[in-house]
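These notes are about the structure you will find just below.
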Amino acid sequence: MPTFVWLTVMTALRVLGRNRLRAGLTLLGIVIGVGAVIAMVSIGEGAKQAVQKQIATMGTNVIMVWPAATSVGGVRGAQGGAVTLTVADAVDLKKKIPLLSDTAWMKRDILQVVNGHRNGNSPVNGVSPSYLSIRDWTFSKGGSFTQADMDSAALVALLGQSVVDELFDPGEEPLGAIIRIRNVPLRVIGVLSPKGQSTYGQDQDDVVFIPFTTAERKVFGTPFLGSVGGLYAATDQAEDMPEAVELIREVMRSRHRLQTDQPDDFTIRTQVELGKVQEDTSQTLTVMLMAIASVSLLVGGIGIMNILLVSVTERTREIGVRMAVGAKRAHILIQFLIEAMTLSVVGGCIGILLGVLSARLTTVIAGWPTIISGDTVATAFGFSIAVGLFFGLYPANKAARLNPIDALRYE
Amino acid sequence: MSALIICEDIWKIYRVGDVEVQALRGLNLAIRQGEFIAIMGSSGSGKSTLMNILGCLDQPTKGQYRLNGIDVGHLPPDRLAEIRNQQIGFVFQSFNLIPRTSALENAQLPLFYRGLSLKEQRFLASAALQRVGLGGREHHSPTQLSGGQQQRVAIARALVTSPSLLLADEPTGNLDTQSSQEIMEILEELNREGITVILVTHEADIAAYASREIVIKDGQILSDRMTKGRSQVVEA
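Top line first, the protein sequences correspond to chains A and B.
If you read the first sequence in this note's numbering, its first letter stands for residue 771, the second for the next number, and so on.
If you read the second sequence in this note's numbering, its first letter stands for residue 444, the second for the next number, and so on.
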């Protein structure tokens, strides 16, 4: 049997070699199909990873707790309307849930930020020091404020790159400069590394961070001491996130003394959920590109079937001779299947090369990120074999079912 | 002498549309090992149908055909393929070599389906080509060979499996006189070596090489006679 298969492959190659142009054109269908699948999938995967990277800029394994919408007399207010979250909630969450690696809190307002004669409106965030590490902010210059700054409500500020660009002349040193927010002078002690746009398209670098206590006591002012705009928590492992979310819900409900029939007075979100929409979009893109590419693979398969049917007709006499000298139906069937698969495998290999090449070119020329995974290549290759097998079956079966007498007499 | 072929009351009925065609009508025939037989008859006489049945390419509608004691009338197609491979060699009028394939590989073909190793295939095929006088032309493709040479490749292909029966359907029909003579001499030689040869022809001088001449008409045997007196009389 191995001799048979090997010799049949050789025969198939020779038969295809006889009609080089025809075999080449048939191959082209599979080459384009497989090439398209690989190129499209790697573009889709690249887009997906870009989105994932963007999601990661929010910090890894971050859980956000926001105040829920308030309902007063049947009128539902906007989310975050209630002032229900406190610093004490954050501290208690960390104490009660060992799963959480850290918690943070923040309070935000959009205020005018002034440097000398220049000014602009930016989100000003009063945050706990842990906030910066949870959200994965790093520094391009200087560094973060400390617990001591927190305790003393120090007049210090950290600036995002966009704020620096807006308030400072090029070449002007922001570190050590004194900016004013609501007429409170704050010394710049750090500049944050740029993060780019958020998944919502917001400029994440248009931001000023000041210690939470400074914000509360000296800049924003507050009706209730210790009330926060939002809580943040992080886990070490991504797998712990769902459990941590549930534990946070429990602790928060008990702290807020909610009855079982009362709804949460807070909202819990994770960056996974926030990124999901974007990921779904790129998933849709991948599936769509796949579908388009599959169509060309299908067309390639039909090309193989067509050429095999022609080949079976042309070689009817040969089939008759083979049968006369003792070929069984299975022999003929396998011979034509192997011819079909030789076409699709050779086409698949060239298609893989072409697909990888065009994915690379897309990255180089258009600057789109592409990812060529071994899985993609293996799947495309497997598909091309399957296409050969599937579309070869009908012509091969047709050949095997020929009557030897009719085949021998065929003109 | 043992009987190689026994046909008893063979009928072959085709249905072409609504018309029933009786190609063979109760034909009886016995052929012994080692005979050289010429089957003659006009077209439509049923001689091709008889050859197809004798060659296990077709099966009778009615009656019994025994080849080497095996009733091949009701065997499944794959079993028939095996019998063709092991016991029968075919030589056709139009040679029927596989195009763009060397003489050696053409001669190897039956051995390929027998599942021999490539080495054995080559050895036997090259011996067979030697036997028909084509030593040294193993790697010529059919288009590089003359008609007579092509037919010799076909004969090599037929005898490479050492069959007990060689069926030649108008083997000289496409050949000039010189080549025809050469081919017939080879068949005669093979017959002398013990292979049973059945030849279909309508040329009297070709039929003359055989030692027994059977004339078919309307699906029945019209005459069956010994020629050249080489063999003993056979019960028909």
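Cβ atoms here follow ideal geometry from the backbone N, Cα and C, with glycine treated the same way.
For residue i, three-class secondary structure by DSSP
| i | result |
| --- | --- |
| L1113 of chain A | helix |
| V676 of chain B | In this prediction, V676 of chain B has a pLDDT of 40, which is less than 50 and means its spatial position is unreliable; what the coordinates show is noted afterwards. Reduced to three states, the DSSP call for V676 of chain B is coil. |
| A818 of chain A | It is Lys, not Ala, that sits at residue 818 of chain A in the sequence shown. Here K818 of chain A sits in helix by DSSP. |
| L467 of chain B | strand |
| W776 of chain A | helix |
| K877 of chain A | strand |
| R1171 of chain A | coil |
| C450 of chain B | strand |
| G1121 of chain A | helix |
| Y1002 of chain A | strand |
| L925 of chain A | coil |
| S445 of chain B | coil |
| K660 of chain B | strand |
| N895 of chain A | strand |
| Q972 of chain A | coil |
| V1095 of chain A | coil |
| L1127 of chain A | helix |
| R1023 of chain A | helix |
| P964 of chain A | coil |
| Y1180 of chain A | coil |
| T827 of chain A | coil |
Test: residue i CB closer than 8 Å to a CB of chain A
| i | result |
| --- | --- |
| I598 of chain B | no |
| R557 of chain B | yes |
| S560 of chain B | yes |
| R527 of chain B | yes |
| N495 of chain B | yes |
| L608 of chain B | no |
| L552 of chain B | yes |
| W454 of chain B | no |
Listed by chain order, chain B residues near residue i by CB distance under 7 Å
| i | result |
| --- | --- |
| K1098 of chain A | D521 and A524 |
| R788 of chain A | R543 |
Chain A residues whose Cβ lies nearer than 9 Å to that of residue i
| i | result |
| --- | --- |
| N634 of chain B | What N634 of chain B touches in chain A: nothing, since even the nearest Cβ is about 20 Å away. |
| T533 of chain B | Here residue 533 of chain B is Phe; the residue named in the question, Thr, does not match the sequence. The contacting residues are V1091, A1094, V1095 and L1178. |
Same chain only: Cβ atoms within 7 Å of residue i, ignoring 5 sequence neighbours per side
| i | result |
| --- | --- |
| R792 of chain A | I1077 |
| S674 of chain B | Because the pLDDT at S674 of chain B is just 43, under 50, the model does not fix this residue reliably, and the point stays unresolved. |
| Y1164 of chain A | M1075 |
| T856 of chain A | G996, S997 and V998 |
| I531 of chain B | G498, C499, P606, L608 and L610 |
Partner residues on chain A for residue i, Cβ-Cβ distance less than 7 Å
| i | result |
| --- | --- |
| L500 of chain B | A1094, P1174 and I1175 |
| I541 of chain B | E1088 and V1091 |
Contact list for residue i against chain B, beta-carbon separation under 9 Å
| i | result |
| --- | --- |
| T773 of chain A | F555, G558, L559, S560, L561 and Q564 |
Contacts around residue i, its chain only, beta-carbon distance under 8 Å, and the 5 residues preceding and following it disregarded
| i | result |
| --- | --- |
| I526 of chain B | C499, L510, I513, V515 and L518 |
| A817 of chain A | S1052, L1055, T1056, W1138 and P1139 |
| V779 of chain A | I1108 and T1112 |
| R1019 of chain A | D1034 and I1038 |
| M1011 of chain A | N831, I833, T1005, T1040 and V1042 |
| K1168 of chain A | L1079 and V1082 |
Per-residue contacts from residue i into chain B (C-beta, under 8 Å)
| i | result |
| --- | --- |
| L777 of chain A | F555 and L561 |
Cβ neighbours of residue i in the same chain (closer than 6 Å, five flanking residues each side left out)
| i | result |
| --- | --- |
| A679 of chain B | Model confidence at A679 of chain B stands at a pLDDT of 39, short of 50, so the residue's coordinates are unreliable; what they give is reported in the following sentence. For A679 of chain B, where only same-chain residues beyond five positions count, the Cβ hits under 6 Å are D667. |
| R1023 of chain A | none |
| V534 of chain B | A597, I598, A601, A611 and P614 |
| K864 of chain A | L870 and T873 |
| I1120 of chain A | V801 |
| E936 of chain A | G890 |
| A568 of chain B | L547, A550, Q551 and V603 |
| G672 of chain B | Note that G672 of chain B scores 44 on pLDDT, short of 50, meaning its location in the model is unreliable and no value can be drawn from it. |
> At a cut of 8 Å, does the stretch 568-579 of chain B reach the stretch 616-623 of chain B through at least three beta carbon pairs?
Replying inline: Contact between the stretch 568-579 of chain B and the stretch 616-623 of chain B is absent, with fewer than three C-beta pairs closer than 8 Å.
> How about the stretch 491-507 of chain B and the stretch 629-643 of chain B: do they share at least three Cβ pairs that are nearer than 8 Å?
Replying inline: Flag = yes, the stretch 491-507 of chain B and the stretch 629-643 of chain B touch.
>> Could you check whether the stretch 1141-1159 of chain A touches the stretch 481-489 of chain B, counting it as contact only if at least three pairs of C-beta atoms, one from each stretch, sit closer than 8 Å?
In response: Flag = no, the stretch 1141-1159 of chain A and the stretch 481-489 of chain B do not touch.
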